[in-house]
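Quick note on the numbering used here: the sequence shown kicks off at 729 and runs consecutively.
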Amino acid sequence: ERERMRFRSGSYFDLKATMKKGSAAYKGDLSHLNGKRIASGKDFDEATGKLKKPGSVELLDQERADALRAQLETASWAVSAVEVSQKKRSPAPPFITSTLQQEANRKFGFSARDTMSIAQKLYEKGLITYMRTDSTNLSNQAIQAARSAVESQYGSEYLFERVRNYSSKAKGAQEAHEAIRPAGSAFLHPEKAGVAGREKKLYDLIWKRTIATQMADAQLEFTNVTTTATDKDLSADFKSSGKKILFPGFFRAYVEGSDDPEAALENQEIDLPALAEGDAVSLQELETIGHETKPPARYTEATLVKELENRGVGRPSTYASIISTIQDRAYATKDGKTLVPTFIAFAVTELLEAHFPDLVDSDFTSELENKLDQIAEGTFDSTEYLRDYYLGEEGLRARVNTQEDLIDPQEAKKLDLPLEGLNGMEVFVGRFGPYVKEQTNGEAVSTSLPNDLAPADLSAETLKKLIRMEKEGPVSLGDDPETGLPVFVLTGRYGPYVQLGEVSDDNKKPKRTSLPKGMTPERVDFDTALQLLALPRTLGDHPETGKVVKAGVGKFGPYVVHDGKFKSLKASDDLLTIGLDRAVELLAEASGGRRGSSAIQELGNHPGTETSIRVMSGKYGPYIKYGKKNISLPKGADPQTYTLDEAVALIEEKGKT
729 ERERMRFRSG SYFDLKATMK KGSAAYKGDL SHLNGKRIAS GKDFDEATGK
779 LKKPGSVELL DQERADALRA QLETASWAVS AVEVSQKKRS PAPPFITSTL
829 QQEANRKFGF SARDTMSIAQ KLYEKGLITY MRTDSTNLSN QAIQAARSAV
879 ESQYGSEYLF ERVRNYSSKA KGAQEAHEAI RPAGSAFLHP EKAGVAGREK
929 KLYDLIWKRT IATQMADAQL EFTNVTTTAT DKDLSADFKS SGKKILFPGF
979 FRAYVEGSDD PEAALENQEI DLPALAEGDA VSLQELETIG HETKPPARYT
1029 EATLVKELEN RGVGRPSTYA SIISTIQDRA YATKDGKTLV PTFIAFAVTE
1079 LLEAHFPDLV DSDFTSELEN KLDQIAEGTF DSTEYLRDYY LGEEGLRARV
1129 NTQEDLIDPQ EAKKLDLPLE GLNGMEVFVG RFGPYVKEQT NGEAVSTSLP
1179 NDLAPADLSA ETLKKLIRME KEGPVSLGDD PETGLPVFVL TGRYGPYVQL
1229 GEVSDDNKKP KRTSLPKGMT PERVDFDTAL QLLALPRTLG DHPETGKVVK
1279 AGVGKFGPYV VHDGKFKSLK ASDDLLTIGL DRAVELLAEA SGGRRGSSAI
1329 QELGNHPGTE TSIRVMSGKY GPYIKYGKKN ISLPKGADPQ TYTLDEAVAL
1379 IEEKGKT
């Protein structure tokens, strides 16, 4: 996250050509200009947004790219090089705990905890081997079962010529168990396993990955074509790549997912027409493409597990609990699949780095894991290690006693964020959340930061704007025609909202309405603010009951309500324009829960039982409605963004207790 904060974007342009030979078209990207390579994202320094080696590449801005496009539209185009190569692809090793968690997250969006919970059920049902392992070894029984399944399912031509074995590469790998595979001496086909929903998905994944290990290599043919456009003293090379699958091999059963959402899967072919060096081609279309370099990607659960494994931190049994812990303690929140560190995470990490730097170093943690392995193997004395770790001269007790008087609570609250242009502004984590404070001429001004603002999304401009709004006070959009009170758009701890009137002794609780998700303060004009303040608005009478239907926005977002029953609006619904017919349609999806409760969102049906699952708002807080069962949401869980997978995991967890 610190790398994302230090990141500076760079911009560059290139050209994309669509060319034709006869009636067959193909595309190419500009790679070289007069023999000099065109700059791409990898050539930029992430800390400055400028080229690392300016003289080694050709950087195009929009003006130059547009001029080049105009010149090349009248150039002569011909194929200058064709390279054809054949390569083989071998299947990935069978699953271990970490790779199963990664692949289930990539392919199905399962959390690490969900994956282990589902795998535990499959193990208890006798369908898979033990799911906490870092060994990629398969027993002779498993290899023969996999080879038999390949022959019966795909035919002998898809069977690898010899037994394929794998060895563990993970740092600190143990060989106590074999890889995760279907159980038994004959693998049960997923369609005959007697499982459904998420259990079937995960078993099918394990079954395919295991039999793929004994399948033949995939054979691929790659074609790289250079098409050159020439005009007087100008020469521009365009690169095109083609891929053909000569023999699919294990692709028939399984293709490993990718952490790069833009990467094509291995089994996707890219067609090129038959081209030979010297072939004249015609230009069909030439377009200028602008690019911005991107900051380092945030971790997903899959990539975080992979990084932990590479560094030797954690063991198969701990990956899921590590990822759950950082979310349960509000060190990270989920945005889609990505994990976003919070201000609390920055504060805690900075405190530990300042006073206990070696204890939060991944090399120390990895070494600790190695010592524990030696203790487990009986080659190192556990009592001696614990005594030295805790009571030694550099032990934990001595460190705590030394640092206890040195830790200043006020300093611990202050965050050292790598932001430019702060000029006296400082960010803190307080009892009521993050806030920014500025010292000017001996006077301190502070204001809260919105809860949905991530540390890496901060900028000096954002902080200055918040401070300025705090100093100047709210600026009225106009006066409400009914009350004569001014109308404001404000931003608070829980996000932006509109307010009628100022806070005063006579108006201690002015009317406020939160902005619906997706609506920014900049988009709110006077008329929109009045519409929001008029909420909830009456849509009409329900055609079946004759009772009023209204639309409004509450703690959990926009909703429609009828006869005490609430239903959240979908992302495609507009709170300010939704009509009676659509509201009745949404309300038909909602049904009752606890007395005095209302539906926050419909999650869908349980994949194993097809019973509907809803998130409800009740007298004692949000909860899950599953058939006749009511299950309170975990502390800190957001009912508005709670997912079906999380609900299913919660139901399964409560079913055990």
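Where is the CB? At the ideal position from N, CA and C, for every residue including glycine.
All values derive from a computational prediction rather than experimental measurement.
- In the three-state reduction of the DSSP assignment, A1008 falls in the strand class, which pools E and B.
- In the DSSP annotation of this structure, the continuous segment of the beta strand (DSSP E) that includes L948 starts and ends at 946-959.
- Residue range 1047-1056 is occupied by the alpha helix (DSSP H) that includes A1048.
- In the DSSP assignment, M1247 is bridged to no other residue.
- Our two residues, D1207 and Y1225, have alpha carbons roughly 17 Å apart in a direct line.
- Close CB contacts of K1278 within its chain, under the 8 Å cut and outside five residues either way in sequence, are with P1264, R1265, T1266, L1267, V1288, V1289, H1290 (chain order).
- Taking the Cα positions, L1213 is about 16 Å away from T1256.
- According to the DSSP assignment, E1171 belongs to no alpha helix (DSSP H) but to the beta strand (DSSP E) extending over 1171-1176.
- Within the model, the alpha-carbon separation for P1244 versus E1198 is close to 23 Å.
- When the beta-carbon positions are compared, F1074 and L1032 stay at least 8 Å from each other.
- Setting aside the 5 residues that flank it on each side, P1146 is surrounded in the same chain by R730, M733, R734, each with a C-beta closer than 7 Å to its C-beta; the list follows chain order.
- Residue environment analysis places A1184 among the buried positions, since at least 16 neighbouring C-beta atoms fall within 10 angstroms of its C-beta.
- Excluding the 5 residues flanking it on each side, L1079 has same chain C-beta neighbours closer than 8 Å at I1135, A1140, in chain order.
- In this model, Q799 and K749 are separated by some 21 Å (Cα to Cα).
- If you draw a straight line from the Cα of H760 to the Cα of A803, it is about 15 Å long.
- Annotation: the stretch 1126-1168 contains the following complete segments of the beta strand (DSSP E) (minimum length 3 residues), in chain order: 1153-1158, 1161-1168.
- One alpha carbon belongs to I1050, the other to F1092, and they sit about 17 Å apart.
- A contact between stretches requires three or more CB pairs, one per stretch, nearer than 8 Å, and the stretch 923-940 meets this requirement with the stretch 845-864.
- Residue pairing by DSSP puts H1290 in a beta bridge opposite V1277, K1293.
- With contacts defined as CB atoms closer than 8 Å, P821 and Y886 fail to qualify as a contacting pair.
- In chain order, T746, M747, K748, A753 place their CB closer than 7 Å to the CB of Q1012, counting only its own chain and leaving out the 5 sequence neighbours on each side.
- In the same chain as G1220, and ignoring 5 residues on each side of it, the C-beta atoms closer than 7 Å to its own belong to S1176, in chain order.
- Straight through space, the alpha carbons of F1216 and S1232 are spaced by roughly 15 Å.
- If you keep only unbroken alpha helix (DSSP H) runs of at least 4 residues inside the stretch 872-931, you get nothing at all.
- Taking the CA atoms as reference points, D961 sits about 31 Å from T1021.
- Cα atoms of D1366 and P1069: separation of roughly 16 Å, rounded to the nearest angstrom.
- Our two residues, G922 and Q881, have alpha carbons roughly 19 Å apart in a direct line.
- In terms of Cβ geometry, L850 and A907 do not form a close pair [threshold 8 Å].
- Bounds of the alpha helix (DSSP H) holding A793 are 790-800.
- Here S839 is buried, its C-beta having at least 16 other C-beta atoms within 10 Å.
- By the beta-carbon neighbour count (other beta carbons within 10 angstroms, threshold 16), F1160 is exposed.
- Burial of K1353 is indicated by the presence of at least 16 other C-beta atoms within 10 angstroms of its C-beta.
- Take L1372, set aside five residues on each side of it, and the residues of its chain with a beta-carbon closer than 6 Å to its own are L1331, G1332, in chain order.
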